[in-house]
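Numbering that gives the first Met the number 0 puts the first residue of the sequence shown at 0, with every later residue one more than the last. C-beta: ideal position from N, C-alpha, C; glycine also. Here the structure is a predicted model, which is why all the values come from computation and not from measurement. First the structure, in the form of structure tokens, and then the observations on it.
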Amino acid sequence: MSAVTVGGGLIALNGGNVVYTPAANFNGLFVFDYTVRDNGSTAGVVDARSATVRSTISIAAVNDAPVPGGDTIVGVNEDVDNFPISIAPLLSNDAPGPATATDEASPNQTVSFVGLVNGSVVGNNGVSTNGGVVTTDGNVIFYSPADDFFGTDYIPYVITDNGVPAMTATGTITVTVAAVNDPPVANDDQKPGAEDTPLSFLASDLTVNDLKGPANESSQTLTVIGFGSAASPSLNTVTSRGGSATLDTQTGQIQYTPAPNVSGNDTFIYVVEDSGTAAGGGSDKLRDTATVTISVAERNDTPEPMDDLTTVGEDPVGDLTITFASLLLNDSAGPGESPTSAPPQNLFVSGPTSTFTSAAGGTVMVDSANSRFLYHPPADFFGADHFVYLVTDDGTTFGSPDPKSSSATVFINVTQANDPPVPTNDHFDTPEESTATITAVQLTGNDLAGPLNESQGSAAQTLTLLGPETLAANANNQTAQGALISINGGVVEVDYSGLVNFVGVDTFFYVIEDNGTTNGTLAPLRATGVATVTVTAVNDAPIASNDDLRTTLSSTEALEDSDITIAASLVLANDAAGPSTAADELNGSQTVTLVDVAALSGQGGSVQLLGGSIVYHGPVDFVGEDIITYVIEDNGTTDGAPDPLRATGQITISVHPVNDPPVAGDDVVAATEDEPIVFSTLLANDFPGPATAIDEQSPAQTLSIVGVTMLAPGGTIQVVNGTEVEFTPAPDFNGFTSFRYTVQDDGSPARVATATVSVQVLAKNDPPIPGTDNRSTPENLPLVISETSLLANDLKGPADESNQSLTIPATAGAVAVLPGDVGKILVSRSAGSITVTPIGEFNGEARFTYVVQDNGTPSLSATGTVVVTVTPVNDPPVPVDDHFTTDEDTQLSFNVSALLAGALGSNDVPGPSNESSQNLIVRSVAGPSAAGGSVVFNNQTGAVNYTPPLNFAGVDTFSYVVEDDGFSGPNPDPRSATGTITVTVNPINDAPSFTKGSDQTVNEDAGAQTVPGWASNIAAGPLTATDELQNQQVGFQISTSDDALFSMLPAVDGNGQLTYTTALNANGAAIVTVQAVDSEGGASPPQTFTITVRPLNDPPSFALLGNVTVAEESGPYQADGFASAILPGPLGAVDELGQLVTFNVTNNNNGLFSAQPAIDSAGRLTFTPAADAFGAAVVTVVGRDTGSNEAPNSNTTSPRTFTISITEQNDPPVAVDDHYS
């Protein structure tokens, strides 16, 4: 039985009855085909026949309610009035009936707008879920959200179709209301301050009493951004009293600085900004301003004394008197007071102690009894001095005594008077018989111009040496010992050249003059000093004379590469202790000693002073003249103190030559095994002497080989022609050996040297010798021969090549079949092995060759032969697969004996063509089949019965064994092979099946529901019907007993997932009927389950008119219908219509009212402003119904806010009676 009308419903055969279930909303003609079958037979054999008949069912149409499509409106801003929503687009997605109801979807039905929903009334006025006001003119819906509302709101509307009878439905418009920022409200602030004291406070302190806007903006942040106007705030401002205010945006601190000496109230305006955002996203920050009042408390200022100036002479007789009254003449008690005005405060003068010291060290006494200071400067002091005094007032701060003090300075000018200079005796030294030169600076450098104030610092006087006066002070212009004194250009010269050999102490006088002043007038003064001159004795340096020892030292005393010793006496013989005129040093009282030598000679030889003698060693192989530098020292004194002096001399010597042995260099040479060789270049790297020995090189000496000696076995040697060596290797020797040879020069006397020659004797290689190899393998079986086993009996060559290794080279042709055996075997190589594979059915002998190669130098090779014997073996028969066909659940039978010549045997062969005379038999038939079918083989009768698995359709296989009667060699060796029988089982369709899930229970308005795996064990047929399970698809037909309970009807997909969505505010239970349908038209028996929707209490809804403004002292206020569209739940929630809605009303400024704002159940707003009160209060309203509030129920709305503003009104003045007499 199968449906012809697609989508028209399910048709099924149930217990002999035809059961038709129309699809949801289907009407019209449903056509289906059904098949009848008889149980007839033909010639006694069952031969059931069938026929197909078509049937038609007419389903009458029933009008369905229209289906609103659901619309979403965006772009609506908070507090907008009468946002237009065109009705025509709303109806464009509304349908006259369900999507499956083709009768309503035809052009015969249309959908039209009825009106808006307000409680149970449908008309031109409605209420949104969140209290918005909705009206319509029939073409456009005008929507005004509740004051300050933003978020998602819902507008219910009613539509109708023109069916018979006409049906209606309620649709919902979802409106997204974007939040719009409200400006903040800044309130004035007060801060305490103090005169002349900066005040720092956080800018956020000012926003504590500021309002962010309605309650929905309570999460915003208020920030002080500057001062002045909201349009252009500044980070700095000048206050009303001339002070300043600065905002630090990094720290958030406001720094207020009052104007100097200002007290009382000072004000400035600040700007506050919120963090609001625009309706469409992005910033929408708004601002407001308020006034900050700083109460600056009065503070006493410190007095402002002025410095004073007076004068006194240096070293006065008595003290300088300075009265307190004179000091206060130019002082004031504080800012703004002139020194001559009558001060509002009294000033008092004091010092640090009763007696103290001035800056320059003078003495200051405080004479409090007579209100004065007594000052006396330091001795000999003149210039600027000062001392500090203290002035104290008797002022108050904040009404309490708060005396302040400040200091001032008395500057004293001490005038100067000149003092005579003070000379200090001087001492000078000069060598005997010299002229002592003494500058004026040396004479006056330690003299004083007078007291310290005249001799130090920037005011120090200058001393001058007076020449004529100095000469006049010394009789005959001579010193006490008679040395002549002269003065030239301020320099005193004392000449001792006339006092021959004088040594001792002498004196003379000098006169100095200062440039001092007295009271500013030049008044220079003079003084005489004494200078002492000590004449000291002086030593003369010794005289060193050069020495020429070239002939003094013989050829046996001065030899090349030998130490040469020169006695000190030989060097000092011609040296003197001083000049010839220095009789005191040449009279034998002084001696001269050899004390040092230069470490290197003129030619680079080494020189040492050892044991008083000079030891010279020339450079290696040096011959010729060289110069040695030496140093002598005397033991003279100067002025009785040791004063040894030195002099340098030179010694010239000749170094005589000595013959050096030759220098022989080692050699490395090569020879060939069994071949004599003459080495003719051994002297090429030998030399007559060292490279530095020029005596052996010019003229060059001649070298010859005078002897040879073998150092290791390996051959014999002999000298040839005095310059060559012949080497003969020992027979078959190869490797390394060496010999030594002796080389001799022709110098006087002749000298010899030896060198070593290393010889490498290179070996000659012999080819390897392959051995004989035999192998065998059965027919058709490859033989693997390791290359190592083939090489095991091969020889490497003579015994001296035993260390060589043998390999089969990896080259083409290294392994090959002999030409006469090609076609019998194949050979191949892989990973060190050779594989021999007999070709076809070959048996007998075959040969192949291989190349063996050694690793000698050069590498040599040879060819070996391997004989392979292939023994004969019987081959198994070759069965060929067979094919049969049967229907699903139908047994297949055949007989082996009857079919052997046909089905099973005719296409099987005994083996290769050489075995074609063999006979074949079926030995066994194996079961079960690959798909699990039953296979029964009767070995006696040869019958085979195959039964496919239950419900199986497709291809199944099972095997049979065929056996030959062949021989391997002379022995019987029957072989068998397995063939495959393939059976194609034709399918027959089965009904689908599934296991239903549990009943479902959800809460009202739970939204879309998804139950994965509600239906399980879904199969297109029985679990064993693999053809249907793999190739067919299974779907589900579903109907309910109450479609109105759902906005989306229940459905089950092919994976068993149940989905449905309950209708808004609907509750109750529906019985759901489910049938599985496969893609071949088969259907399962119907199964039912129940979906229960539990009722829930919804929060009430209402709308508020908006903000309220009244005047100060306006009395009680009442607004009927301020709260409107009051519902205990959403539209359509008929189960909540009997509940009562009440309002909880609070505000943030209770002091503004004598009777607090309240809203009764009818929506009436009442309040009474407090006396003389004005300002604003944010009122928060929460609605609550009498339904359950236990989760997940809710009987409370989210808070709504509006603002009550009481505007300030001027009050008349109040006159108070006065009384005069």
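Under the three-state reduction of DSSP, which class applies to residue i: helix, strand or coil?
{"i": "Thr1241", "result": "Any question about residue 1241 goes unanswered here, given that the chain covers just 0 to 1220."}
{"i": "Ser1078", "result": "coil"}
{"i": "Phe323", "result": "helix"}
{"i": "Ser274", "result": "coil"}
{"i": "Val499", "result": "coil"}
{"i": "Thr885", "result": "strand"}
{"i": "Thr1225", "result": "Since the displayed the chain opens at 0 and closes at 1220, residue 1225 lies outside it and no answer follows."}
{"i": "Asp574", "result": "coil"}
{"i": "Leu1022", "result": "coil"}
{"i": "Thr301", "result": "coil"}
{"i": "Asn944", "result": "strand"}
{"i": "Asn873", "result": "coil"}
{"i": "Ser1220", "result": "Below a pLDDT of 50, predicted positions are generally treated as unreliable, and Ser1220, at 49, falls in that range; the measurement from the model is reported next regardless. Three-state DSSP puts Ser1220 in coil, outside helix and strand."}
{"i": "Pro83", "result": "strand"}
{"i": "Thr478", "result": "coil"}
{"i": "Glu1003", "result": "coil"}
{"i": "Glu844", "result": "strand"}
{"i": "Asn123", "result": "coil"}
{"i": "Pro1191", "result": "coil"}
{"i": "Ser1250", "result": "Past the edges of the chain, shown from 0 to 1220, lies residue 1250, and the structure says nothing about it."}
{"i": "Pro430", "result": "strand"}
{"i": "Leu898", "result": "With a pLDDT of 48 at Leu898, under the threshold of 50, the predicted position of this residue should be treated as unreliable, and no value is reported."}
Starting from residue i, follow the beta strand (DSSP E) in both directions and report where the run begins and ends.
{"i": "Ile86", "result": "Taken as a continuous stretch (DSSP letters only), Ile86 belongs to no beta strand (DSSP E), being part of the alpha helix (DSSP H) at Ile86 to Ser91."}
{"i": "Gln717", "result": "Gly714 to Val719"}
{"i": "Ala185", "result": "Element bounds for Ala185: n/a, residue is neither H nor E."}
{"i": "Asp1184", "result": "Gly1174 to Asp1184"}
{"i": "Glu725", "result": "Glu723 to Pro728"}
{"i": "Ile807", "result": "No beta strand (DSSP E) contains Ile807, which DSSP labels as neither H nor E."}
{"i": "Asp595", "result": "Val591 to Val596"}
By the DSSP assignment, the alpha helix (DSSP H) with residue i in it spans what residues?
{"i": "Pro467", "result": "Gly466 to Ala472"}
{"i": "Ala1043", "result": "Unbroken run through Ala1043: none, as it is neither H nor E."}
{"i": "Gln441", "result": "Ala439 to Thr443"}
{"i": "Ala1014", "result": "It is not in any alpha helix (DSSP H) - Ala1014 carries neither H nor E in the DSSP assignment."}
{"i": "Thr787", "result": "Glu786 to Leu790"}
{"i": "Glu453", "result": "Leu451 to Ser454"}
Name the DSSP bridge partner or partners of residue i?
{"i": "Asn412", "result": "Thr310 and Ala383"}
{"i": "Val75", "result": "Val176"}
{"i": "Arg286", "result": "Glu272"}
{"i": "Ala98", "result": "None, per the DSSP bridge assignment."}
{"i": "Phe1152", "result": "Pro1168"}
{"i": "Ala50", "result": "Val35"}
{"i": "Asn13", "result": "Asn16"}
Write down the C-beta distance between residue i and residue j rounded to the nearest angstrom, noting that I regard them as a contact closer than 8 Å.
{"i": "Ala540", "j": "Ala646", "result": "6 Å"}
{"i": "Thr134", "j": "Asn123", "result": "6 Å"}
{"i": "Ile652", "j": "Arg549", "result": "6 Å"}
{"i": "Ile1037", "j": "Ala1069", "result": "No, Ile1037 and Ala1069 are not in contact; Cβ-Cβ is about 11 Å, not under 8 Å."}
{"i": "Ile980", "j": "Phe951", "result": "Their Cβ separation, rounded to whole angstroms, is 16 Å, which puts Ile980 and Phe951 out of contact at 8 Å."}
{"i": "Ala752", "j": "Val662", "result": "6 Å"}
{"i": "Val132", "j": "Gly150", "result": "That belief does not hold up - the Cβ atoms of Val132 and Gly150 are roughly 17 Å apart, past 8 Å."}
{"i": "Val237", "j": "Ser243", "result": "6 Å"}
{"i": "Asn1002", "j": "Asn1096", "result": "The pair is not a contact, with the Cβ atoms about 11 Å apart (cut-off 8 Å)."}
{"i": "Leu891", "j": "Val982", "result": "6 Å"}
* 3 or more residues per run - each beta strand (DSSP E) lying fully within the stretch 338-386 -> 346-349, 354-356, 362-366 and 371-375
* **beta strand (DSSP E) segments (min. 3 residues) lying fully within the stretch 602-680** => 605-609, 612-616, 623-633, 645-654, 666-671 and 676-678
* To do: Give, in chain order, every unbroken run of the beta strand (DSSP E) that is at least 3 residues long and sits entirely within the stretch 528-568.
  => 562-565
* Residue ranges of each beta strand (DSSP E) within the stretch 1062-1108, 3 or longer -> 1067-1077, 1086-1093 and 1100-1103
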